[in-house]
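Protein chains: 2
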Amino acid sequence: MDSPAVIGSVTEFTSPTVTVSFQPLGRRGQVPAGISVLEAARRLGVGLSGICGGAGVCGTCRVVVPPEGQDALSPLSDTERARLGDEDIARGVRLACRAFIRQSLQVFVPPESLTASQRTQVEGRQTPVRVDPVVVPADLQLPPPTLSDLRSDAERIRDGLGRPVRLDLEVLRRSPPSLREWGWAVRAVLRGDEVVALLPPGTPLVGVAVDLGTTKLAGYLLNLETGETLASVGAMNPQLAYGEDVMARITYALQEPEGAERLRQAAVEGLSQLVRDLCAQAGVPPEHVVEAVVVGNTAMHHLFLGLPTRPLGLAPYVPVESGPLDVRARDVGLPLAPGAMVHLLPNVAGFVGADHVAALLATRMEEADRPTLLLDIGTNTEIGLSVGGNLFSCSAASGPAFEGAHIRFGMRAAPGALERVRMIEGRVYWETVEGAPPVGICGSGILDVVAELRGAGFLNGRGGWANSDRPPFLSGDNGPEFVLVPAEASGLGRAITVSRKDVGEIQLAKAAIAAGWQILLEEAGIRESDLARVLVAGAFGTYIDIGHAVAIGLLPRLPLDRFEQVGNVAGTGARMALLSRAERERAARLARRVRYVELTVHPSFRERFAQALQL
Amino acid sequence: MDSPAVIGSVTEFTSPTVTVSFQPLGRRGQVPAGISVLEAARRLGVGLSGICGGAGVCGTCRVVVPPEGQDALSPLSDTERARLGDEDIARGVRLACRAFIRQSLQVFVPPESLTASQRTQVEGRQTPVRVDPVVVPADLQLPPPTLSDLRSDAERIRDGLGRPVRLDLEVLRRSPPSLREWGWAVRAVLRGDEVVALLPPGTPLVGVAVDLGTTKLAGYLLNLETGETLASVGAMNPQLAYGEDVMARITYALQEPEGAERLRQAAVEGLSQLVRDLCAQAGVPPEHVVEAVVVGNTAMHHLFLGLPTRPLGLAPYVPVESGPLDVRARDVGLPLAPGAMVHLLPNVAGFVGADHVAALLATRMEEADRPTLLLDIGTNTEIGLSVGGNLFSCSAASGPAFEGAHIRFGMRAAPGALERVRMIEGRVYWETVEGAPPVGICGSGILDVVAELRGAGFLNGRGGWANSDRPPFLSGDNGPEFVLVPAEASGLGRAITVSRKDVGEIQLAKAAIAAGWQILLEEAGIRESDLARVLVAGAFGTYIDIGHAVAIGLLPRLPLDRFEQVGNVAGTGARMALLSRAERERAARLARRVRYVELTVHPSFRERFAQALQL
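Going down the list, the sequences are from chains C and L.
Sequential numbering of the first sequence, starting at 1, is according to my numbering.
Sequential numbering of the second sequence, starting at 1001, is according to my numbering.
See below:
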């Protein structure tokens, strides 16, 4: 252990204050020189992972300080040299618990080193777009009516614009008092040849982009003139009350009287609250929001719009509408500007929706010059593959295990969920969401558990127990259970364990996903090793330990540097489509170009699925 | 009296049966030869006027039998020769009570010879249009989805049409069960690049045209493929409960909380019921109505659409929208096909609305090669003048006197209303709506009364009584009253009379109208005698006795053959716009071309109004 010596050497100074900033979070503050980067992160409220408590054994607190900034830190320790590869060291990777601060510096925190709660705040990968939205402002100063100028309000606006535009009925209904109150100065918002809003002069143009997920909603408020994101908010999908996954909700919509309408209202209420929260955060009245983009999987798209989902629930699972769609916000119940429209990106198929198209858009998959795989792991895992300009997509029915469902102690990534687990020298290390006492296991945690159990020899390749006749196993009702958290450390008052059945759920989920990308590779005629890049998207994809996912065969067996955790790229794609007409057109072309592969009827599916059950 | 002789000569025959048809009503039936045309009309249920009870003295039962059909009638009697002018006789005019039927024949009944209740059934003048509506059908037989054809329903329709159309959200919402129920055969209804309805295969395309009057609604259901009118219905405007005229309703909308919304709902309920009635009459489900056209004055237009009417109620009285407008039927609350649109013809000014534009359209005013005047007399009287390709329009605030309001015994043209009055040799003859016992006087009746009183010397030019100190005058609370119907003949149990104040109301109304057309003539630089034609439109214009209207100066002093009672041309214009895109474009051009003349600020108005008070 070399750290005490370094601390000793630093305490010889008079502890001067230095400034540390953590990127890309933008958290910045002053700390005394000499403390570790991990300690500085804790003092500044940065949720940096540190599963072994700063003992230098887990390696989860990796941060990056580029070579030119390394002088601001203590020299590379032996522990770090042992834990980090040469390539990492060359990039400036450090273990935050082993790197002590000498001078002011900037520290880059990779997403995988953030705790889950903080990771949700990290945006998806950004792709630059030229700001050219479908709505444009026109600032008018109109002459007031007189007995010698009896033009109607609308005619006055048309003459002011010099174009024969239409005014939406709701805009017309509200215009007369506004125009008179504003002294006939007005900011008209045009969408094609229609005026969709009249705003007070000087009002910035804003729009909302939403990723309507089965579990989570992510919303962004953007300035449509600058492209700036003014606010971002996450929330749970209120439809969860009616079923955890897509099929449960489709069933509910079909079988319950008013079920579809109840689901529609739940989605609308969720999105409306999201809009209100975004607007409150940015200090913008919702009625100033002049355009929205919504992406979601096909079922969410249909349930939100009030389109029948029966065809989605029965073979051959066709959508009602797969093309891009513009609907009036008021027709779908969203509280935006009176005439505002909502644009829905196109769907590809019954289980490959607009969220996947948005992800393809944001990751520029169609421009990839080498084979690239994109996965958004969830209850349905959408997988895209780009090879030589061809796009292939499929949907794998991975089920809700990675969202904590069907796992005995499973839970969402809420406070107290084990989100990261390591077994080091026979000891179980864990970290919970927000550091709360452990009460369950979330998706990234259970993935860690299975990979570590397999690595430590407690699981065989078929998912059966090995060496389960002694602690840390206890005997449960249905056989041995592995104790992750003993009763005395658990927030539940009893041990948190993993059963054979829990492992089986993860095997099923990972087999569905692995069979999916394997069949896409087969369709494209390439091998696993041909993949130049693998983009892992979505909230769960951001949380997971890629190494573990590769280890259990969930992801292709490739060097880790070919993977990139890209975050909520569906949300990014939605924002791009909000800012740019060209991106909307690109999305429409993308959806038509994708070759959709239906896994359930694919001749290789059964065999590949069976093989992929192996850990 | 020559009639008994003729009857005698006819009874020598064995009373063979002949067929008589009355046009343009289309009433046709068999009657015994030898009876009068008036008697035949009564037997066949044709409401032919006959105010003197067939005595040959009133001249109100004029009918036309073209010269080639005159042989089927008894020869022209002396009475007819005395009552009819040479020109009338040359055209084949006969008095129905003096013309006896010898052989089968066709009789043409001019509108002025019909009783009011039957006259409302007579359509406005028809102008031929090429059927080319804004909605077009496309009959598709689509392939059903299979595992090898996973296109969405919408994509399937687009591919079937071979065009990248949009589907309205409500159409999408309802399409999946319909397409499957109809075995993928469907009639798609296109409006531009949007599908506004999906109908069962073979369903005829129908649309609705509505004249939304301040007092009355007139609706027509049309086949949009053949142009045929399938049903027509009239109804009262339910907004009457909130005020009789436009200004009363604007005031109500401004002063009552929720007043505007209540008026909007009343209009919507009235139109919805009209649509249901039209559909019931033609056996068409309302959800098969794929397009509507609504015309009305600017205030009705605004109240129906929920546009603020405050600017209409305050100088300078500008509309919110004057251009043509397309709104979704569901956005305005009409129960048509889910995606159907409602087209509103353009308005000209605050008090010259889309109904006037429709009337200009239907009468082809802009094509008149000689000076032509068009009047639609009502609470507001819209007046149009066409001179050498230039169109002038104004609105005269004539008030509701011609609708029976502000007249002591005034009433609408409901059963028992005196609708026609003649004074012949000191005796008062009258006719009531549906022949019911007299209970009041409607507009055409009061116009007759004033003209006849003036003609008989009971009124002087200033509207004061003359010779009012003896019967048929009685002494009322506010001076002498002329007895129209003595108590013993009245359905009220007391005499129906006319007071000096009643006469004054008519003077005010006719002065407003006369000042209006005089100022238009002045603006166009022509004289009264230059007018080649005067078109008298609207329900009231259809009922009135043109000769009387000329006599009191309501209409220009011109030979009667220059007048034409054209009926509800606003409704005709609405139907034309329903059937033809070209007519919609023509209406839009018309509205822009019209030179609107604001009477209230016109320098000649006061003087002309004062002069026109003279009877």
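By construction, the Cβ of each residue, glycine as well, lies at the ideal position given by its N, Cα and C atoms.
This one's a predicted model, so the numbers in the text were calculated from it and none came from an experiment.
- Around Ser-175 (chain C), the beta-carbon contacts reaching into chain L at under 7 Å are Val-1320.
- Along the segment 1200-1227 of chain L, none of the residues has a CB nearer than 8 Å to a CB of chain C.
- Secondary structure note for Pro-137 (chain C): its beta strand (DSSP E) is the uninterrupted segment 135-141.
- For Val-601 (chain C), the number of other beta carbons within 10 angstroms of its own is below 16, and it is reported as exposed.
- Less than 7 Å divides the Cβ of Val-1063 (chain L) from the Cβ of Val-1109 (chain L).
- Interface with chain C (7 Å Cβ-Cβ cutoff): Ala-1537 (chain L) is excluded.
- Around the beta-carbon of Glu-1291 (chain L), 16 or more other beta-carbon atoms lie within 10 Å, marking it buried.
- Apart from the 5 residues on each side of it in sequence, Val-597 (chain C) sits with its Cβ closer than 8 Å to the Cβ of Phe-392, Ser-393, Cys-394, Ile-519, Leu-520, Glu-523 in its chain, given in chain order.
- Taking C-beta separations shorter than 6 Å and ignoring five residues to either side along the sequence, the partners of Trp-430 (chain C) in its chain run Leu-418, Val-421, following chain order.
- Distance from the CA of Thr-1432 (chain L) to the CA of Ala-1551 (chain L), rounded to the nearest whole angstrom, comes to 22 Å.
- Look at Leu-169 (chain C): its C-beta is under 7 Å from a C-beta on chain L.
- DSSP, reduced to helix, strand and coil, places Glu-1481 (chain L) within a strand of the structure shown.
- Distance check between Phe-1402 (chain L) and each of L:Pro-1371, L:Gly-1323, L:Asp-1245, L:Glu-1528 places L:Asp-1245 closest, using alpha-carbon atoms only.
- Residues of chain C with a Cβ closer than 7 Å to the Cβ of Pro-1145 (chain L) are, in chain order, Pro-316, Val-318.
- For Leu-1278 (chain L) against Gly-1219 (chain L), the beta-carbon gap comes to about 5 Å, under 8 Å, which counts as contact.
- The three-state reading of DSSP puts Leu-418 (chain C) in strand, counting E and B together.
- A residue is called buried when at least 16 other Cβ atoms come within 10 angstroms of its Cβ; Asn-1347 (chain L) meets this threshold and is buried.
- Contact annotation, Leu-169 (chain C) with Ile-157 (chain C): C-beta distance approximately 14 Å; criterion of less than 8 Å not satisfied.
- By the beta-carbon neighbour count (other beta carbons within 10 angstroms, threshold 16), Met-300 (chain C) is buried.
- Against chain L, the CB of Ala-253 (chain C) has no partner CB under 7 Å away; the residue lies outside that interface.
- Non-local beta-carbon contacts of Cys-1097 (chain L) in its own chain, meaning distances under 7 Å to residues more than five positions away in sequence, involve Ser-1036, Leu-1038, Gly-1050, Gly-1054, Gly-1056, Cys-1061 in chain order.
- Per the DSSP secondary-structure output, Glu-1564 (chain L) pairs in a beta bridge with L:Leu-1535.
- In the three-state DSSP reduction, Leu-336 (chain C) falls in the coil class, being neither helix nor strand.
- Nearest in C-alpha terms to Leu-212 (chain C), of all of C:Asp-132, C:Val-295, C:Ala-282, C:Ser-77, is C:Val-295.
- Non-local C-beta neighbours of Ala-72 (chain C) in its own chain, meaning closer than 6 Å and more than five positions away in sequence, comprise Arg-102, Gln-103, Leu-105, ordered along the chain.
- Residues are counted here when their Cβ sits less than 8 Å from a Cβ of chain L; for the segment 593-612 of chain C these are Tyr-596, Glu-598, Val-601, given in chain order.
- Bridge partners of Gly-1234 (chain L) according to DSSP: L:Ala-1218.
- Here the alpha carbons of Arg-262 (chain C) and Ala-241 (chain C) stand approximately 10 Å from one another.
- Taking the CA atoms as reference points, Val-1210 (chain L) sits about 19 Å from Leu-1590 (chain L).
- Arg-91 (chain C) sits in a helix when the DSSP states are folded into three classes.
- Contact annotation: Ser-322 (chain C) and Ser-1152 (chain L) have beta-carbon atoms nearer than 7 Å.
- Non-local beta-carbon contacts of Arg-1370 (chain L) in its own chain, meaning distances under 6 Å to residues more than five positions away in sequence, involve Ala-1532 in chain order.
- When secondary structure is reduced to three states using DSSP, His-1343 (chain L) falls in the strand class.
- Identification of chain C residues near Ser-1444 (chain L) by a Cβ-Cβ cut-off of 9 Å yields none; the smallest Cβ-Cβ distance measures about 34 Å.
- Listed by position along chain C, the residues whose Cβ is nearer than 7 Å to that of Asp-1331 (chain L) are Leu-169.
- By the Cβ neighbour-count rule, Glu-382 (chain C) is buried, with 16 or more other Cβ atoms within 10 Å of its own.
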